[in-house]
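Reading through the structure tokens given below for one structure.
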Amino acid sequence: MIALAAVALLAGKSYADVQNIRLSGDIRVRGYYLNRADADNVIDDNFISQRTRITCEADLEDHVLVVVTLKAEGLWG
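Mind the numbering: the sequence shown is residues 1 to 77 in the working numbering, read in order.
Now the structure itself:
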């Protein structure tokens with residue numbers, strides 16, 4: 001709660017001119033098939049791995065670059 005209040009105070013006091021904003025991202029999907037993946041060499045396994053990234057870059061005044069990247073990973077199946 002204290003961190004949220006600190007961020008709110010700093011956001012209200014700070015100001016910078018944004019000169020340029022770039023958005024980028026990628027989605028990676030990979031399928032896997034494992035033949036006899038268990039210890040007894042009996043069961044086959046298959047699943048899908050997924051990764052999504054979104055990046056926002058902002059050029060501010062006085063040679064300041066802010067980069068924020070959000071990343072989500074998951075396994076399906």
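Glycine included, every Cβ here is placed at the ideal spot set by N, Cα and C.
Since residue i is in the beta strand (DSSP E), which residue starts that stretch and which ends it?
i     : result
GLY25 : 18 to 34
Kindly identify the DSSP beta-bridge partner or partners of residue i.
i     : result
VAL42 : Partner(s): none; VAL42 has no beta bridge.
GLU73 : ARG51
GLU57 : ARG22, VAL67
Thinking C-beta only, is residue j closer than 8 angstroms to residue i?
i     : j     : result
VAL60 : VAL68 : The question names Val, but residue 60 in the sequence shown is Leu. Cβ distance not < 8 angstroms, so LEU60 and VAL68 don't count as in contact.
GLY31 : ILE43 : no
ASN35 : GLY77 : no
Going straight from the alpha carbon of residue i to that of residue j, what length do you get?
i     : j     : result
LYS71 : ASP26 : 10 angstroms
In terms of alpha-carbon separation, which member of the options lies closest to residue i?
i     : options                    : result
ASP17 : LEU75, HIS63, GLU73        : HIS63
SER24 : ILE54, ASN41, GLN50, ALA58 : ILE54
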